[in-house]
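Structure record follows, encoded as structure tokens.
Residue numbers (the working numbering), protein chains in the order written: chain A, 341 to 489; chain B, 434 to 496.
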């Protein structure tokens, strides 16, 4: 059976308004992948490759310490010729974590990332990590929005 | 109705958080076009985090 959907202009405007006011806590990635800071960089690379992600949260004694990203891998490890089989992740991770409240809108977080030249924001609530909002989440949200967004 | 402290644009009361915010340091209203962001150290549950806060142009480089 073929279903025909009629999309009215009002519906598009309503949808655009929803996306403009959307909070990052609604679109963030809640499942954070983490690695112990004492592990080697190659383990982090394998994990990132296996999970198809660009960063891992680094923990020390089960507490969040920093984030190891593709940029860290390029600029701090590969560019300096560090042995990835011996070097520990904790020494090359970005620290401290850049955090933001989940009540900020998607649009505002896009500006924050642009202003601070970063691609990932850790979402916290009362000092506790709740998720991560990345540039790819932003692309996902915008791709679902109408063209006049 | 408030006005943006930087550009003077009128800000609707119901638009707070959506169209404008207040500077974290001087508490002056700011429209989103005049907003700047700054990382400040805050004590979290486990360690220190760099929390991103909304500031005006004058407060951006204050320490």
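For glycine and all other residues, C-beta sits at the position ideal for the given N, C-alpha and C.
Residue closest to residue 424/A, alpha-carbon to alpha-carbon, out of 367/A, 471/A, 361/A, 381/A: Position 84 of the first chain, counted from the start, is the residue given in the question as residue 424/A. Here the closest residue by C-alpha is 381/A.
Under three-state DSSP, which class holds residue 466/B? Locating residue 466/B in the second chain gives position 33, where the first residue counts as 1. If DSSP states are grouped into helix, strand and coil, residue 466/B belongs with the helices.
Please say whether residue 362/A and residue 481/A have beta carbons closer to each other than 8 Å? Your numbering for residue 481/A matches position 141 in the first chain. Your numbering for residue 362/A matches position 22 in the first chain. Going by C-beta atoms, residue 481/A is nearer than 8 Å to residue 362/A.
If we cut at 8 Å on Cβ distances, does residue 480/B have a partner in chain A? Within the second chain, numbered from 1, the residue matching residue 480/B stands at position 47. So, interface residue.
Cα-Cα, which of 452/B, 469/B, 463/B is closest to residue 453/A? Locating residue 453/A in the first chain gives position 113, counting from the first residue. For the residues 452/B, 469/B, 463/B, the minimum Cα distance to residue 453/A belongs to 469/B.
List, in chain order, every chain A residue whose beta-carbon is nearer than 7 Å to that of residue 477/B. By one-based count along the second chain, residue 477/B stands at place 44. Within chain A, the residues near residue 477/B are 464, 467.
Using only the alpha-carbon positions, how far apart do residue 461/A and residue 472/A sit? Residue mapping note: residue 461/A aligns to position 121 of the first chain, counting from 1. Residue mapping note: residue 472/A aligns to position 132 of the first chain, counting from 1. Cα to Cα, residue 461/A sits roughly 6 Å from residue 472/A.
Among the residues of its own chain, which have a CB less than 8 Å from the CB of residue 475/A, if the five just before and after it don't count? On the first chain, position 135 is the one that residue 475/A refers to. So the qualifying residues of the chain are 453, 459, 460.
Going along chain B, which residues have a C-beta under 8 Å from residue 439/A? Within the first chain, residue 439/A is the residue found at index 99, counting from 1. Within 8 Å Cβ-Cβ: 475, 477, 482, 483, 484, 485.
Residues in the segment 403-429 of chain A with C-beta within 8 Å of chain B's C-beta atoms, listed in sequence order? 403, 404, 405
In the structure shown, what three-state DSSP assignment does residue 472/A receive? As a first step, residue 472/A must be located in the first chain, where it is residue number 132. Here residue 472/A sits in strand by DSSP.
When you compare the segment 473-484 of chain B with the segment 427-446 of chain A, are there three or more beta-carbon pairs, one atom per stretch, that lie closer than 8 Å? yes
For the ligand ADP, any of its heavy atoms closer than 7 Å to the Cβ of residue 480/A? This structure does not include the ligand ADP; it has no bound ligands of any sort.
When the cut-off is 8 Å and only beta carbons count, does residue 458/B lie next to chain A? Counted from its first residue, the second chain places residue 458/B at position 25. Chain A, which has no Cβ nearer than 8 Å to the Cβ of residue 458/B, makes this no.
Skipping 5 residues on each side, what residues in its chain have a beta carbon closer than 6 Å to that of residue 435/B? Start at 1 with the first residue of the second chain, and residue 435/B comes out as number 2. Same-chain partners within the cutoff: 444, 462.
Same chain only: Cβ atoms within 7 Å of residue 426/A, ignoring 5 sequence neighbours per side: Counted from its first residue, the first chain places residue 426/A at position 86. Cβ within range, chain order: 380.
Through-space distance from residue 454/B to residue 409/A, alpha-carbon basis: What you label residue 409/A is simply residue 69 of the first chain in a count that begins at 1. What you label residue 454/B is simply residue 21 of the second chain in a count that begins at 1. Each residue's alpha carbon lies about 31 Å from the other.
How many Å lie between residue 364/A and residue 371/A at the Cα? By one-based count along the first chain, residue 364/A stands at place 24. By one-based count along the first chain, residue 371/A stands at place 31. Their backbone Cα atoms lie some 14 Å apart in a straight line.
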